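Asker:
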Amino acid sequence: MTSLIKDRAAFETRVLRVLRPAVITVLALITLFPFLYMLLLSIRPIEELLESPGQLWIGPSEWTLRTYREVLTPAGDGGQGFLGFLANSAIVSVAATLLTLLVSIPGAYAVARLRFVGRRQVHFLFLAVYLFPSILLAIPLFVLFTRLGLRGSLAGLTIVYIAQTVPVSIYMLRNYLATIPQSLEEAAAVDGYSRLQTLRKIILPLAAPAVMANALYVFMIAWNEFLFALLFLVEDRADWTVSLGLAQLSGGIEVSKTVLMAGSVVLTLPIVIIFFAAERLLTEGLTAGADKG
């Protein structure tokens, strides 16, 4: 019986040793192929694409950056003005990320550590925000921000993104902060640290992976969001974000598909770079605290 168990374990180990790289390779190809194909289309001359639309690969000698020049050139000079859109998206995304963390970090700490009436209900109430689809909140927010004079401004759009992301950020950070031993805070209190000093000098360094994960989450939402950007900024092209610019390209009959693919690469590339640069912290932040929610 013991021999059979050992033989079975050895067989499973050999099978897994063969299947693991095969499965990883297949999944990697499935994941990367759409982006690689988009990249190849973006550097392909439109004339070549019309002649051979089914050709997946072209030689380096046929590559062109003409599409990227058209996408990044200001609209006044005959381009699509994506440099301005990228700047607007960066302003909104960075501001939304920083302000969301500024609110959600002390909020998550309060939910994780402080005892108050309705603490458990408040904790789950944060997630109730996501029971309502964005389109349901769009009209009230549109009317409210119009009356406040914030519609048509990047500041108003940033406030909307903060309101969207703060609840789930508090929920995610709370689960991580709950795993940090309270004995560390007690030791800090003995040393004379206030709550704020403990949060800044003890909790934040330990929670860096979770904070980074939340920062990436908020940044990606603000960078890619389209509905509220359309409602708030459509009237003035100078304030458009990159998602609005890409929607304009996709709806334009006179815009070639190679230019559209170049715009898609410009939209996607910053997120890909940021994600891979912080992949380790993101993974740690998403997995830590999973057992102690």
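In UniProt numbering, the protein residues as written are 1 to 293. Even for Gly, the Cβ is constructed at its ideal location relative to N, Cα and C. Here the structure is a predicted model, which is why all the values come from computation and not from measurement.
#1: Keeping to the same chain, check which residues put their C-beta closer than 6 Å to that of residue 162; ignore five residues upstream and five downstream.
#2: Using a Cβ-Cβ cutoff of less than 7 Å, which residues in the same chain neighbour residue 27 once the five nearest sequence positions on both sides are dropped?
#3: Name the two residues that bound the continuous alpha helix (DSSP H) containing residue 193.
#4: Quick one: residues in its chain with C-beta nearer than 8 Å to the C-beta of residue 239, no 5 flanking neighbours on either side, listed in chain order?
#5: Distance check for residue 43 and residue 21, CA to CA, integer angstroms please.
#6: Which whole runs of the alpha helix (DSSP H) in the region 60–106 are 4 residues long or more, in chain order?
#7: Straight-line CA distance for residue 45 to residue 274?
#8: Tell me the DSSP secondary structure of residue 13 in three-state form.
#9: Can you give me the start and stop residues for the alpha helix (DSSP H) that residue 257 sits inside?
#10: What span of residues does the alpha helix (DSSP H) with residue 174 cover, start to end?
#11: Out of 169, 92, 142, 183, which one is the CA nearest neighbour of residue 125?
#12: If we call anything under 9 Å between Cβ atoms a contact, is residue 137 one with residue 241?
#13: One question on the structure: do residue 93 and residue 219 come within less than 9 Å of each other, judged by their Cβ atoms?
#14: Just the Cα atoms here: how many angstroms apart are residue 277 and residue 266?
#15: Do the region 193–213 and the region 164–182 meet, that is, are 3 or more Cβ pairs less than 8 Å apart?
#16: Go to residue 134, then tell me how far its alpha helix (DSSP H) extends in each direction, as first and last residue.
#17: Compute the distance between the beta-carbons of residue 174 and residue 111, then report whether it is under 9 Å.
#18: At which residues does the alpha helix (DSSP H) containing residue 210 begin and terminate?
#19: Hey, residue 107 and residue 166: beta-carbon distance below 9 Å or not?
#20: Label residue 160 either buried or exposed according to how many other C-beta atoms from any shown protein chain fall within 10 Å of its C-beta, with 16 as the threshold for buried.
#21: Excluding the 5 residues preceding and the 5 following residue 86 in the sequence, name in chain order all residues of the same chain whose CB lies nearer than 8 Å to its CB.
#22: Excluding the five sequence neighbours on either side, which residues of its own chain have a C-beta within less than 7 Å of the C-beta of residue 290, listed in chain order?
#23: Does the separation of the CB atoms of residue 68 and residue 262 fall below 9 Å?
#24: Nearest to residue 37 by alpha carbon, out of 102, 264, 66?
#25: Can you check whether the CB of residue 171 is closer than 9 Å to the CB of residue 127?
#26: Going by C-alpha distance, which of 247, 236, 235, 213 is nearest residue 226?
#27: For residue 45, which three-state DSSP category applies?
#28: Apply the 10 Å Cβ neighbour rule to residue 292 and answer buried if 16 or more other Cβ atoms are within range, or exposed otherwise.
#29: Mind checking whether residue 74 and residue 83 have CB atoms under 9 Å apart?
#30: Quick one, are the C-beta atoms of residue 141 and residue 231 less than 9 Å apart?
#31: Could you give the DSSP three-state label for residue 242: helix, strand or coil?
Answerer: Concretely, from the data shown:
#1: In the sequence shown, the residue the question calls residue 162 occupies position 162. Counting only Cβ-Cβ distances below 6 Å, and skipping sequence neighbours, we find 96, 99, 100.
#2: The count along the sequence shown starts at 1 and reaches residue 27 at position 27. Taken in chain order, the list of residues that qualify is empty.
#3: One-based indexing of the sequence shown puts residue 193 at position 193. No alpha helix (DSSP H) contains residue 193, which DSSP labels as neither H nor E.
#4: What you label residue 239 is simply residue 239 of the sequence shown in a count that begins at 1. Excluding positions up to five away in sequence, the list reads 88, 152, 153, 154, 233.
#5: Working through the sequence shown from its first residue, we reach residue 21 at position 21. Working through the sequence shown from its first residue, we reach residue 43 at position 43. Rounded to whole angstroms, residue 21 to residue 43 spans 31 Å at the Cα level.
#6: Taking 4 residues as the minimum length, the alpha helix (DSSP H) runs contained wholly in the region 60–106 are 66–72, in order along the chain.
#7: Against the sequence shown, residue 45 aligns to sequence position 45. Against the sequence shown, residue 274 aligns to sequence position 274. If you take the alpha carbons of residue 45 and residue 274, they lie about 29 Å apart.
#8: Here residue 13 corresponds to residue number 13 of the sequence shown, with the count starting at 1. In this structure, residue 13 counts as helix in the three-state DSSP scheme.
#9: Sequence index remark: in the sequence shown, residue 257 carries index 257 (1-based). Start and end: 257–277.
#10: If you number the sequence shown from 1, residue 174 lands on position 174. Its alpha helix (DSSP H) spans residues 154–177.
#11: Translated into positions along the sequence shown, residue 125 becomes position 125. Per the Cα distances, 169.
#12: Here residue 137 refers to the residue found at position 137 when the sequence shown is read from its first residue. Here residue 241 refers to the residue found at position 241 when the sequence shown is read from its first residue. Cβ atoms of residue 137 and residue 241: not closer than 9 Å.
#13: Stepping through the sequence shown from its first residue, residue 93 is reached at position 93. Stepping through the sequence shown from its first residue, residue 219 is reached at position 219. Yes, they are a contact pair.
#14: In the sequence shown, counting from the first residue as 1, residue 277 sits at position 277. In the sequence shown, counting from the first residue as 1, residue 266 sits at position 266. So the alpha carbons of these two residues sit roughly 17 Å apart.
#15: yes
#16: Translated into positions along the sequence shown, residue 134 becomes position 134. Counted as a single uninterrupted DSSP element, the alpha helix (DSSP H) harbouring residue 134 occupies residues 134–148.
#17: In the sequence shown, the residue the question calls residue 174 occupies position 174. In the sequence shown, the residue the question calls residue 111 occupies position 111. Cβ atoms of residue 174 and residue 111: closer than 9 Å.
#18: For the purposes of this step, residue 210 is identified with residue 210 of the sequence shown, where counting begins at 1. Taken as a continuous stretch (DSSP letters only), the alpha helix (DSSP H) holding residue 210 covers 208–224.
#19: Position 107 of the sequence shown, counting from 1, holds the residue named residue 107. Position 166 of the sequence shown, counting from 1, holds the residue named residue 166. Against a cut-off of 9 Å, the Cβ pair of residue 166 and residue 107 comes out as a contact.
#20: Counting from one through the sequence shown, the residue named residue 160 turns up at place 160. Label assigned to residue 160: buried.
#21: Counting from 1 along the sequence shown, the entry for residue 86 is found at position 86. Taken in chain order, the residues that qualify are 242, 266, 270.
#22: One-based indexing of the sequence shown puts residue 290 at position 290. Confidence in residue 290 is poor, its pLDDT being 41 and thus under 50, which makes the residue's placement unreliable; the coordinate value appears in the next sentence. Result list for residue 290: empty, nothing under 7 Å.
#23: If you number the sequence shown from 1, residue 68 lands on position 68. If you number the sequence shown from 1, residue 262 lands on position 262. Closer than 9 Å, so yes.
#24: The sequence position of residue 37 within the sequence shown is 37, counting from 1. The shortest C-alpha separation from residue 37 is found at 264.
#25: Along the sequence shown, read from residue 1 onward, the residue named residue 127 stands at position 127. Along the sequence shown, read from residue 1 onward, the residue named residue 171 stands at position 171. The answer is yes: Cβ separation under 9 Å.
#26: Along the sequence shown, one-based indexing puts residue 226 at 226. The option with the nearest alpha carbon to residue 226 is 247.
#27: On the sequence shown, position 45 is the one that residue 45 refers to. In this structure, residue 45 counts as coil in the three-state DSSP scheme.
#28: Taking the first residue of the sequence shown as position 1, residue 292 is located at position 292. Note on residue 292: pLDDT 40, under 50, position unreliable in the model; no value is reported.
#29: Against the sequence shown, residue 74 aligns to sequence position 74. Against the sequence shown, residue 83 aligns to sequence position 83. Yes, the pair counts as a contact, with Cβ atoms nearer than the cut-off.
#30: Position 141 of the sequence shown, counting from 1, holds the residue named residue 141. Position 231 of the sequence shown, counting from 1, holds the residue named residue 231. Cβ atoms of residue 141 and residue 231: closer than 9 Å.
#31: As a working mapping, residue 242 is identified with position 242 in the sequence shown. Of the three classes helix, strand and coil, the one that applies to residue 242 here is helix, per DSSP.
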